[in-house]
Structures are given as C-alpha cells and as structure tokens.
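Per the working numbering, residue 7 is the first one in the sequence shown, and the count goes up by one each step. For glycine and all other residues, C-beta sits at the position ideal for the given N, C-alpha and C. Taking it in order: structure first as structure tokens, then the write-up.
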Amino acid sequence: MNENKDNASIQASKVPPEAPKLSRRLAALAGLVKQGARFADIGTDHALLPVHLALSGTIVYGVAGDVNAGPAEAARRQVRAAGVSDIVSVRHGDGLSVLARDEVDTVCIAGMGGSLMVRLLEEAGEALSGVTTLILSPHVAEDQVRRWLEANRYVLELERLIEEDGEIYTLLRAERAVSAEESAARHTSLYDTSLLGAGCRAVPTGLLYEMGPLLLRSPDEAFMAKWRGELAKRARIAHGMKQSEAADTRAKLEAWTRTTNDIEEVLACLQGERRSPN
Numbered sequence: 007m008n009e010n011k012d013n014a015s016i017q018a019s020k021v022p023p024e025a026p027k028l029s030r031r032l033a034a035l036a037g038l039v040k041q042g043a044r045f046a047d048i049g050t051d052h053a054l055l056p057v058h059l060a061l062s063g064t065i066v067y068g069v070a071g072d073v074n075a076g077p078a079e080a081a082r083r084q085v086r087a088a089g090v091s092d093i094v095s096v097r098h099g100d101g102l103s104v105l106a107r108d109e110v111d112t113v114c115i116a117g118m119g120g121s122l123m124v125r126l127l128e129e130a131g132e133a134l135s136g137v138t139t140l141i142l143s144p145h146v147a148e149d150q151v152r153r154w155l156e157a158n159r160y161v162l163e164l165e166r167l168i169e170e171d172g173e174i175y176t177l178l179r180a181e182r183a184v185s186a187e188e189s190a191a192r193h194t195s196l197y198d199t200s201l202l203g204a205g206c207r208a209v210p211t212g213l214l215y216e217m218g219p220l221l222l223r224s225p226d227e228a229f230m231a232k233w234r235g236e237l238a239k240r241a242r243i244a245h246g247m248k249q250s251e252a253a254d255t256r257a258k259l260e261a262w263t264r265t266t267n268d269i270e271e272v273l274a275c276l277q278g279e280r281r282s283p284n
C-alpha cells in the first residue's frame, strides 16, 4: 500500500461515522494532504474536503473558498454542522483572493479546467507566498497546469489517476523548490524525453506535459484506458477534418495525425514493457 492510500485510510478511520461521506475522487485528494497542513480548498462547493480533513485531525487550519454565494453559504452550514468552525474558515470570493499572505501552506484546486486553474494561480499574487504544496485536479488542459508549475518552481512529486462514475480524473501534487537552480535541475530530470528507456524512441516534449512524466514512468490500467479513449476521440475528430477541403484544415490534420501517431507509439512501448517479465 502506498503513502497516499495509507493517508486516506488513516483519515477515514478517524472521521466520525456521522460525518459527510466523500466521493472516491475527494477521498483521493484528501489522501494527498500532509499531516499538520494549513490548508485551503479553492472552489470548495460544500466544504466536504476541508470538513473531512478537520474531523480526521489532518489539518490544523483550513480555508474553504468559493466564488459563488450559494455554495459558500452551503459550506458555512456544513462547517457549523460538523462542529469545526474553530478550524475551517469559509470565504466568499474569486480564487486565491480569499487568502491572506502566508495564511496557508497547502492549496487544493479541483473540479475545473486547467486554463481556469492557471488563471487563478497567475492572479494569486502574495496569497501563494507561503504555499509550499499545491494539490491540483484539472479536468482538461493538464499540460497547461504542468507548464505553469515548472515556470513557477513547483516540482511534481506525485501524479495519480482516479476513476469515478466512468470518468478518469488526474490528481497532481507539487512541492515548491527552494531555489530556481534546484527547480531547473529537478525539472530537467523530470521531463527527460528518454524516460521510457533505450528500447523506445524519445517522447516528444509536448506529450510529456500532456501525458504526465510520473504517470508515464508508472502507467497503470487507468492510464492506458484514458489514452485509449483519447485515441478514439482523436480518430473521430480526424474523420471530421478529412471531410474539409480547406488548406488550413489539411495542415491541422497533418499535425493532428503526427501527434496521434506519437501517442500510439508511446502506448505501444508502454504495453510492451508491461507485458515483459520483470
């Protein structure tokens, strides 16, 4: 059993039975939060995650923020009902604007696309000054999130895929490097295009950001299922492109086909490694 499953199991054992139940995805996110964290859940909805973490004793302080008034009020009711108002503060506001400088050390953002997530992080300003850990779960545009992390000295230390209700979700945890030099060195190693080994061709840099450098190093069935689904979707889109006579569409189709072929090669290599004996 790995560290994150251990964390989730320990938390679950400490939470009172009458506490709100977490979905599989939220439970997995909870398992990524380190003991003793000062935690913020941005886009908290009903504050299920910070309430769970407070009841389990995982966090010593929490902020539950939501841009919409209705969910923020629902979060307040949830916090009061759970009896954790002394630990979790509910805020109504956009993104990380609900946080003061150095107020928390861990921020979780989930349930939105990667481009919106990057916007919230870009606009955070001093709210990120004391944040050493980011826990992120983008629905789409994961490559944008990984590129932002690299550009801002946050180094991926964990990537997981979680299946829930027929959807596969990506969970990322990144830690802030102590210096720009350390960040550069660790990212050079992390995004090594030869990570699949001598028996496979180099992975195009763009695919490293899209597929995930740690996921590529330890692909599981959820990873393979996700990318088989992506190939099926790409085939449908390519079929539509082929119906067009426009020159720019044909150029896009050529680039689209090259990337599709790259994904197929990566999966073929990974499947070969998975079948080979240890």
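query: Three-state secondary structure (DSSP) at Pro144?; result: strand
query: With DSSP run on the structure shown, which of helix, strand or coil describes Ile269?; result: helix
query: Applying the criterion that 16 or more other CB atoms from any shown protein chain within 10 Å of the CB defines a buried residue, is Gln84 buried or exposed?; result: buried
query: Report yes if the CB atom of Lys232 is closer than 9 Å to the CB atom of Leu167, and no otherwise.; result: yes
query: Let me know the secondary structure DSSP gives Leu276 once reduced to three states.; result: helix
query: What are the start and end residues of the alpha helix (DSSP H) that includes His245?; result: Glu227 to Lys248
query: What is the DSSP secondary structure of Val161, counted as helix, strand or coil?; result: strand
query: Any contact of the segment 238-245 with the segment 212-228, i.e. 3+ C-beta pairs under 8 Å?; result: no
query: Would you kindly work out how many angstroms separate the C-alpha atoms of Gly89 and Val73, rounded to a whole number?; result: 23 Å
query: Which term fits Thr199, buried or exposed, when burial requires 16 or more other beta carbons within 10 angstroms of its beta carbon?; result: exposed
query: Can you tell me where the beta strand (DSSP E) holding Ser189 begins and where it ends?; result: Unbroken run through Ser189 is the alpha helix (DSSP H), Ala186 to Leu196; no beta strand (DSSP E).
query: What is the DSSP secondary structure of Gly218, reduced to helix, strand or coil?; result: coil
query: Touching or not, the segment 145-152 and the segment 104-124, by the rule of three or more beta carbon pairs under 8 Å?; result: yes
query: Am I right that Leu213 and Val124 are in contact with their C-beta atoms under 8 Å? What's the rounded C-beta distance?; result: Actually they are not in contact, since the Cβ atoms of Leu213 and Val124 sit about 19 Å apart, beyond 8 Å.
query: Going along the chain, which residues of its own chain have a beta-carbon closer than 8 Å to the beta-carbon of Val151, five neighbours each way excluded?; result: Gly120, Met123, Val124, Leu142, Pro144 and Leu178
query: Within the continuous beta strand (DSSP E) that includes Ala180, where are the two ends?; result: Glu173 to Arg182
query: Mapping the DSSP letters down to three states, classify Asn284 as helix, strand or coil.; result: Confidence at Asn284 is low in this model, with a pLDDT of 39, below 50, so its placement is unreliable and the value that follows should be read with caution. Looking at Asn284 - three-state DSSP - the assignment turns out to be coil, as it is neither helix nor strand.
query: Give me the DSSP bridge partner(s) of Leu167.; result: Thr176
query: Taking the alpha-carbon positions, what's the Arg44 to Asp108 distance?; result: 10 Å
query: Just the C-alpha distance for Ser282 and Asp268, rounded to the nearest angstrom, thanks.; result: The predicted model places Ser282 with a pLDDT of 44, which falls under 50 and marks its position as unreliable; any figure quoted below should be read in that light. Taking the straight line from one Cα to the other gives about 21 Å.
query: Assign Val69 to buried or exposed, taking buried as 16 or more other Cβ atoms, counted over all protein chains shown, within 10 Å of its Cβ.; result: buried
query: Going along the chain, which residues of its own chain have a beta-carbon closer than 6 Å to the beta-carbon of Leu155, five neighbours each way excluded?; result: Ala180
query: Looking only at its own chain, which residues have a Cβ that is under 7 Å from the Cβ of Glu228, when we skip the five neighbours before and after it?; result: One detail in the question is off: residue 228 reads as Ala in this sequence, not Glu. The residues are Leu167, Glu169 and Ile174.
query: Output the distance between the C-alpha atoms of Ala53 and Gly131, rounded to the nearest integer angstrom.; result: 24 Å
query: Going by DSSP, name the residue or residues bridged to Thr139.; result: Thr112 and Glu181
query: Please report the distance separating the alpha-carbon of Asn284 from that of Glu165.; result: Unreliable positioning characterises Asn284 in this predicted model, as indicated by a pLDDT of 39, which lies under 50. The coordinate reading is nonetheless provided below. Straight-line Cα distance between these residues: approximately 23 Å.
query: Return helix, strand or coil for Ala34, following the three-state DSSP convention.; result: helix
query: What are the partner residues of Ala43, as DSSP defines its beta bridges?; result: Ile65
query: Taking the alpha-carbon positions, what's the Leu105 to Leu55 distance?; result: 17 Å
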